[in-house]
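Taking it in order: structure first as structure tokens, then the write-up.
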Amino acid sequence: MIELQGVTKRYHGKKALDSVDLTLEPGKIVGLVGENGSGKSTTLKLIAGLNHPTRGRVTVNGHKATRRIADRVAYLSELDDYYPFFTVGGMIDFHASQFPDFDTKKADEMLSFMNLERSSKVKTLSKGNRGRLKIVLTLSRNVPVLLMDEPLSGLDPMVRDSIVKSLISFIDIENQIVLITTHEIKEIEGILDDVIAIKDGHIIGHHNVEDLRFEHGKGIVEWMTEVYQ
Amino acid sequence: MSQEFESNTPIYMQLAERINRRILRGELHPGEKLPSVRETGVQSNVNPNTVQRTYQILEQSGIAESRRGQGTFVTEDPAILRSMRERLKREEIASFVRVMKDMGYEAREIQHGIQEFLEEENES
Numbered sequence: 001m002i003e004l005q006g007v008t009k010r011y012h013g014k015k016a017l018d019s020v021d022l023t024l025e026p027g028k029i030v031g032l033v034g035e036n037g038s039g040k041s042t043t044l045k046l047i048a049g050l051n052h053p054t055r056g057r058v059t060v061n062g063h064k065a066t067r068r069i070a071d072r073v074a075y076l077s078e079l080d081d082y083y084p085f086f087t088v089g090g091m092i093d094f095h096a097s098q099f100p101d102f103d104t105k106k107a108d109e110m111l112s113f114m115n116l117e118r119s120s121k122v123k124t125l126s127k128g129n130r131g132r133l134k135i136v137l138t139l140s141r142n143v144p145v146l147l148m149d150e151p152l153s154g155l156d157p158m159v160r161d162s163i164v165k166s167l168i169s170f171i172d173i174e175n176q177i178v179l180i181t182t183h184e185i186k187e188i189e190g191i192l193d194d195v196i197a198i199k200d201g202h203i204i205g206h207h208n209v210e211d212l213r214f215e216h217g218k219g220i221v222e223w224m225t226e227v228y229q
Numbered sequence: 001m002s003q004e005f006e007s008n009t010p011i012y013m014q015l016a017e018r019i020n021r022r023i024l025r026g027e028l029h030p031g032e033k034l035p036s037v038r039e040t041g042v043q044s045n046v047n048p049n050t051v052q053r054t055y056q057i058l059e060q061s062g063i064a065e066s067r068r069g070q071g072t073f074v075t076e077d078p079a080i081l082r083s084m085r086e087r088l089k090r091e092e093i094a095s096f097v098r099v100m101k102d103m104g105y106e107a108r109e110i111q112h113g114i115q116e117f118l119e120e121e122n123e124s
């Protein structure tokens, strides 16, 4: 379970998050949506223990989110950072050496699902294949929490489709919480259980996506347009 | 790429309707095993939790039955399949008639129009 209690985060005096309360239970894929600068990435970094709240408390399964939370949380950065001298297989083995929960067998299954070769040099991979590799490295960890910051951003439709399909195939949906920030709502809508809208550091809505359709007859984009006004 | 869903109806219901239509078209046969929850999820880009819910409503309506440890199967009960066929027909007609009435057509015009259309189609 992820819990944020009264969390405020300031950067240089500006509030990125303002008194946010949020509870997320396992067994769900949750989308975090909002404009650029609304606080999406900050929320993920706080849960990953990469940033610390100015006020309030962030916990994962009861443990305070510090750098050491990395053994319970896998985090996919929106940055395209990689080690160009590695091969794909080298990246897999390096991650396996860093995280005891890393499942190399699952990683190899995902490589073939994504049509990636262990022997390819990372620096020669297309942007799309680097995006796919990042997904492999994140989903291969057997941890209760997966955080993904813009996993589809800047990738072509074929790559986005293969990433969506790999999420469905390889997430351990019964035991994991998956929190995804995205602007590509249409593509990811079908795999979200819940959606959270965030604006100017405040959570302005939190719904089960199917309830949204059933009770309000709205998809995520229509709902967002409404709550964002 | 997968077919898109309408945004005004829950996906689990839309997916159940797609499966019903596949049964009507004969793409899925009575007694045939449905793909696993995850396979269906990957085929249609839908969360496995949602597919699970689709299979549940198909079971509740009798269209599908789950067999312990084996998966979910299309029913072989002809009465259930007949009533599903009848229901989908009525639903399609109802929505067609609603659209026609909305545009100002009278019941007799609609009836006559359909008859004429079907006769023409038969001749060609």
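Protein sequence lines, in the order shown, are assigned to chains P and G.
Mapping to the UniProt record's numbering: the first sequence position 90 is 90, numbers consecutive.
Mapping to the UniProt record's numbering: the second sequence position 104 is 104, numbers consecutive.
Even for Gly, the Cβ is constructed at its ideal location relative to N, Cα and C.
Contacts that residue i makes with chain P (C-beta to C-beta distance below 8 Å)
{"i": "residue 180(G)", "result": "Outside the modelled stretch of chain G, which goes from 1 to 124, sits residue 180(G), for which no answer is possible."}
{"i": "F73(G)", "result": "Per Cβ cutoff of 8 Å: no residues; F73(G) is ~22 Å from chain P at best."}
Coil, strand or helix - residue i by DSSP
{"i": "I188(P)", "result": "helix"}
{"i": "Y105(G)", "result": "coil"}
{"i": "I69(P)", "result": "helix"}
{"i": "Q111(G)", "result": "helix"}
{"i": "I173(P)", "result": "coil"}
{"i": "I63(G)", "result": "coil"}
{"i": "L76(P)", "result": "strand"}
{"i": "Q70(G)", "result": "coil"}
{"i": "F102(P)", "result": "strand"}
{"i": "V20(P)", "result": "strand"}
{"i": "E27(G)", "result": "coil"}
{"i": "S3(G)", "result": "The amino acid occupying residue 3(G) in the given sequence is Gln; Ser does not appear at that position. Reduced to three states, the DSSP call for Q3(G) is coil."}
{"i": "G13(P)", "result": "coil"}
{"i": "V46(G)", "result": "coil"}
{"i": "L58(G)", "result": "helix"}
{"i": "E32(G)", "result": "coil"}
{"i": "L125(P)", "result": "coil"}
{"i": "L4(P)", "result": "strand"}
8 Å Cβ cutoff, residue i in contact with chain G
{"i": "D149(P)", "result": "no"}
{"i": "I2(P)", "result": "no"}
{"i": "E222(P)", "result": "yes"}
{"i": "I173(P)", "result": "yes"}
{"i": "G190(P)", "result": "yes"}
Neighbour list for residue i in chain P, Cβ cutoff strictly below 7 Å
{"i": "P35(G)", "result": "Those within 7 Å of P35(G) in chain P number zero; the least Cβ separation is about 13 Å."}
{"i": "Y12(G)", "result": "E210"}
Chain-ordered neighbours of residue i on chain G, where CB pairs are closer than 7 Å
{"i": "D193(P)", "result": "N47, N49"}
{"i": "G31(P)", "result": "Residues of chain G passing the Cβ test: none, with the nearest at roughly 11 Å."}
{"i": "S169(P)", "result": "R38, V42"}
Amino acids of chain G, ordered along the chain, whose beta-carbon sits closer than 8 Å to that of residue i
{"i": "V164(P)", "result": "N45"}
{"i": "E109(P)", "result": "Result: empty, since nearest Cβ-Cβ is about 13 Å, beyond 8 Å."}
Whether residue i touches residue j by CB criterion (8 Å)
{"i": "G128(P)", "j": "V159(P)", "result": "yes"}
{"i": "I198(P)", "j": "L32(P)", "result": "yes"}
{"i": "V209(P)", "j": "E184(P)", "result": "no"}
{"i": "residue 231(P)", "j": "D101(P)", "result": "Absent from the structure is residue 231(P), since the part of chain P shown begins at 1 and ends at 229."}
{"i": "I47(P)", "j": "L192(P)", "result": "no"}
{"i": "P53(P)", "j": "T23(P)", "result": "no"}
{"i": "D149(P)", "j": "L50(P)", "result": "no"}
{"i": "V46(G)", "j": "I11(G)", "result": "yes"}
{"i": "A65(P)", "j": "G39(P)", "result": "no"}
{"i": "L15(G)", "j": "S61(G)", "result": "no"}
{"i": "V227(P)", "j": "I204(P)", "result": "yes"}
{"i": "M110(P)", "j": "S153(P)", "result": "no"}
is_contact[residue i, chain P] using C-beta, thresh 8 Å
{"i": "R38(G)", "result": "yes"}
{"i": "F5(G)", "result": "yes"}
Which ranges does the beta strand (DSSP E) cover as unbroken runs of at least 3 residues, wholly within the stretch 31-69 of chain P, from first to last along the chain? 55-60
Note down, one range per segment and in chain order, each alpha helix (DSSP H) of at least 4 residues found wholly within the stretch 182-228 of chain P. You should have 185-188, 209-216, 220-227.
Go through the stretch 136-173 of chain P residue by residue and report every complete run of the beta strand (DSSP E) that reaches 3 residues or more, in order. 145-149
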